[in-house]
Amino acid sequence: GKELKSHIREALEEDCAKCTDNQRKGTRKVLAHLINHEEGYWNRLN
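So that you can map any letter, position 28 of the sequence shown is 28 in UniProt numbering, and since no number is skipped, the others follow by simple counting.
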């Protein structure tokens, strides 16, 4: 969680190019949560 938070912008910009398969799965789950439940935070990232 903390690792993703510190690298989320990079992961979004680079399409998670440096992510492992498990990190990609976790990232999808977190992004879905942000889009559906944390609109303000998602908008700041976008």
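No residue lacks a Cβ here, since even glycine has one placed at the ideal position from N, Cα and C. Computed from a predicted structure; not experimentally measured.
Measuring alpha carbon to alpha carbon, tell me which of the options ends up nearest residue i.
i     : options                       : result
Leu22 : Leu45, Ile35, Glu3 and Glu13  : It is worth fixing the name first, because residue 22 is Asn in this sequence and not Leu. Here the closest residue by C-alpha is Glu3.
Lys5  : Leu31, Asn43, Glu14 and Asn36 : Leu31
One question on the structure: do residue i and residue j come within less than 8 Å of each other, judged by their Cβ atoms?
i     : j     : result
Ala17 : Thr27 : no
Arg9  : Leu34 : no
Between which two residues does the alpha helix (DSSP H) carrying residue i extend?
i     : result
Ala32 : Asp21 to His37
Glu14 : Note, Glu14: premise wrong, no alpha helix (DSSP H); not H, not E.
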